[in-house]
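If you count the sequence shown from 1, position 184 lands on 183 in numbering that gives the first Met the number 0, and the numbers rise without skipping.
Note that beta-carbon positions come from the ideal geometry of N, C-alpha and C, so glycine has one too.
Keep in mind the model is a prediction, meaning the values are calculated, not measured.
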Amino acid sequence: MRYLPLTEADRREMLAKIGVPSVESLYADVPQKALLKAPIAELPHHQGELAVERLMQHFASQNLGTASCPSFLGAGAYRHHVPATVDYVIQRGEFLTSYTPYQPEVTQGTLQYLFEFQSQVALLTGMDVANASMYDGATSTCEAVQMANRITRRKRAVISGGLHPHYREVIETLAKYTGFQVVTPPPAPQGGEDLMALVDKDTSCVVVQYPDFYGNVRDYTKLAAAVHAAGALLVVAVTEIISLGLLTPPGEMGADIVTAEGQSLGNALGYGGPYVGLFATRDKYLRQMPGRLAGQTVDAEGRRGWVLTLSTREQHIRREKATSNICTNSGLCALAFTIHLTLLGEAGLRQLAELNHATASRLADRLAAIKGIEVLTPAFFNEFTVKLAQPAAAAVEQLAKRRILGGVPVSRLSPDKPELENLLLIAATETVTDEDIATLEAALKEVLS
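Structure representation (C-alpha cells):
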C-alpha cells in the first residue's frame, strides 16, 4: 500500500488556506500539452527493485550516447574530454566539506576553491570580479538582466536574436512574472540585426551571445560604446567557455556583465545537467551582483585564510535587500571546473581552444564541398550553421539511424520559425576525429542525394 499521510479533510483545509478550489488549479499555469492525461502505459505501477533496474536499463539502452558514436552536438552543451584526475581530486576530503560554507573555520577547502574559481572566471572573461557560481548559463543571464534593471532603474531589456532560445525563454518567463519588458528582433543567422534601433530611454541592457547561437564570432566593442551612450549596460553571454581560451575576452570589448555556461570544463554532458553558471562584472557594480563572493584574508596569527566576503542572497539578509533568491551555488560543478582549468593552465587552455577551432574548420571545409550544403557562418570557434537542401530535422533522423549524431536542427529550438527549418547547427570539439568527420561527410552525401 502507498503511504498517504494526509486525509481528504487535510487537503481541503490546505487548499482553503491558500485560496484555491482544487489541487488541479495549482497547475493552471502549466500548458495543457505538458500535462499527462493518463498514466504512462509503458510503465507498470508496481515492480520490485531488481525489475525496475532492468526496465530502466532497457530504456537507457535505447539512447544513442555521445561517447558511443560520432557526435557533432552543441547548441550550448558540448562534449569535451574530462581528465580522470578531475574525478579523483573532486573527492578529496579537503573539498568534501559542507557545500554551503557558513562556518569558514571548518570549510576552508570549500572557500579556497571558490576563491580560485572566481579568480579563473574573472581572468577568462576579462572582468574585475566574479561570484561563486550560479545554477547554469541561462539563469545566470537572467540574473544579469535583473541586475541591469536594478543598476539603471529601468525595466526594458533588448535581447539579440542570436541569443540561445532557451536563455531567451528563461528571461521572458521571469519578465512575465516580475514585471519587466523584453524586446527581441527576428533571428539573423548571418548577422545584420540592428540592436541599437531597439534601444530607448527605458532600456536597461542589451544582451548578446559570444559566439552567438549560430556560431558567429563578432566584435562588440562599438555596440558596447553605443549602449553605454544610451545609459544602458551590455550583457554578454558565453555558452562555450573554452572559446575564451582563443577569443578576445568580453571585458576587453566593453561588456558590463559577462555570464557563461561552464559545463565544458570538468563536467560531462549528463543529459542536461547539472551544469554551472558563471557570472562576472565590473568592480563598480559589485554590490548589485547576485550570489556570493569568497574572499581572502588572514587570521589572528597572520595565516592566510578564506571567508565569505559578500552574501547578497535572501538566505543571508533581509528579502527586500537581497539581489537574488538563488539559495545555493553549483559547488561541486564549480570545483570540477576549477580542477580541470588548473590542470590545463593558460597554455593548455589555449592549445585546447586552438584544437577545437582547427577541428571545426576542417569539418566546415569538408561539408562546404558537398552538394546541398551551404556553410552560413563566416567566422566561428568550434560551432557553425549550415543550410541543407532539405529540412534539417529529417536529415538528423536519417543520420541517427546510421548511428551518427549529426548536430542540432535549429527548428528544434525555434519550432515557431519555419524559415529556419533547413538550418543545422554543427559543433566539433577535440573529441571529434578525422574518421568521425569522414563518416559524417559520407553519410550526408547519402542523405542529401
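Counting only the Cα atoms, residue 440 lies some 8 Å from residue 369.
A straight line joining the alpha-carbon of residue 131 with that of residue 194 spans about 31 Å. Under the three-state reduction of DSSP output, residue 336 falls in the helix class. Short of 6 Å from the beta carbon of residue 261, and not among the five residues preceding or following it, lie these beta carbons of its own chain, in chain order: 240, 275, 277, 336. In the three-state scheme derived from DSSP, where H, G and I count as helix and E and B as strand, residue 224 is classed as helix. Per the coordinates, the alpha-carbon of residue 134 lies some 44 Å from the alpha-carbon of residue 448. Annotation for residue 256: the continuous beta strand (DSSP E) segment containing it runs 256-260. Positions of the alpha helix (DSSP H) runs, each at least 4 residues long and wholly inside the region 320-395, are given as 330-367 in order along the chain. Counting other Cβ atoms within 10 Å of its Cβ, residue 102 stays below 16 and is therefore classed as exposed. Contact between residue 155 and residue 180 holds: their C-beta atoms lie close to 4 Å from each other, under 8 Å. Close CB contacts of residue 121 within its chain, under the 7 Å cut and outside five residues either way in sequence, are with 127, 128, 129, 279 (chain order).
As computed with DSSP, residue 158 is found in a beta bridge with 206. The DSSP-derived three-state label of residue 38 is coil. Under the three-state reduction of DSSP, residue 51 is assigned to helix. Out of 215, 76, 175, the CA that lies nearest to the CA of residue 187 is found in 215.
Out of 347, 174, 357, the CA that lies nearest to the CA of residue 142 is found in 174.
Classified as exposed, residue 21 has fewer than 16 neighbouring CB atoms from the shown chains inside 10 Å of its CB.
Judged by DSSP in its simplified three-state form, residue 29 adopts coil rather than helix or strand. Contact between the region 430-446 and the region 61-73 is present: three or more C-beta pairs spanning the two stretches fall below 8 Å.
Counting other Cβ atoms within 10 Å of its Cβ, residue 27 stays below 16 and is therefore classed as exposed. In this structure, DSSP gives residue 114 a helical state, which the three-state scheme calls helix. Linking residue 265 to residue 6 through their CA atoms gives a straight-line distance of about 47 Å.
Contact between the region 217-229 and the region 387-397 is absent: fewer than 3 CB-CB pairs across the two stretches fall below 8 Å. Per the C-alpha coordinates, the member of 233, 271, 270 positioned closest to residue 255 is 233.
Burial state of residue 58 is exposed, judged by a 10 Å Cβ sphere holding fewer than 16 other Cβ atoms. Taken through DSSP and simplified to helix, strand or coil, residue 71 comes out as coil.
For residue 422, the enclosing beta strand (DSSP E) covers residues 422-426. In the DSSP annotation of this structure, the continuous segment of the beta strand (DSSP E) that includes residue 296 starts and ends at 291-297. Nearest neighbour of residue 286 by Cα position, chosen from 310, 334, 210, 176, turns out to be 310. Note that the region 156-174 touches the region 206-213; at least 3 beta-carbon pairs, one per stretch, sit closer than 8 Å. The beta carbon of residue 178 is closer than 8 Å to those of 154 in its chain, skipping five residues each way along the sequence.
Short of 8 Å from the beta carbon of residue 354, and not among the five residues preceding or following it, lie these beta carbons of its own chain, in chain order: 429. For residue 133, the beta-bridge partners assigned by DSSP are 276. By a beta-carbon distance limit of 8 Å, residue 77 contacts residue 426. Their separation comes to about 6 Å.
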